[in-house]
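Undergrad: Numbering of the sequence shown is given in our numbering, commencing with residue 66 and proceeding in unit increments. From the three backbone atoms N, C-alpha and C, an ideal C-beta is built for every residue, glycine too.
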Amino acid sequence: MEIKVLSRDIEKALRTLKKKLQLDGLFGELKKRRHDEKPSDKKKNKQLEAEKRRRKALRRARQSGSGPRPGRPSPTSVA
66 MEIKVLSRDI EKALRTLKKK LQLDGLFGEL KKRRHDEKPS DKKKNKQLEA
116 EKRRRKALRR ARQSGSGPRP GRPSPTSVA
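Right under this line is the structure:
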């Protein structure tokens, strides 16, 4: 990764670098690799993250008024 420093503005270059690293996901990766993690713990954390993403998607769908509500049959299902 390369950041050009224009007009000797180091602070701006550092902010740009931090922003690019954050968007690239490097800080999250470093946080994950800080400690060794057993394979069973990796699997558990992966499942928890997937559940969080699913709940977040449901919450967003409910707020926007689209998508099925949890616990109710969808209009296309036949009882």
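1. Any chance the region 104-113 sits against the region 86-95, with 3 or more Cβ pairs inside 8 Å?
2. In three-state DSSP terms, what is Ile68?
3. Can you give me the start and stop residues for the alpha helix (DSSP H) that Asp106 sits inside?
4. Candidates Glu116, His100, Ser72, Lys84: which alpha carbon is nearest Met66's?
TA: With the given structure in hand:
1. no
2. coil
3. 104-129
4. Lys84
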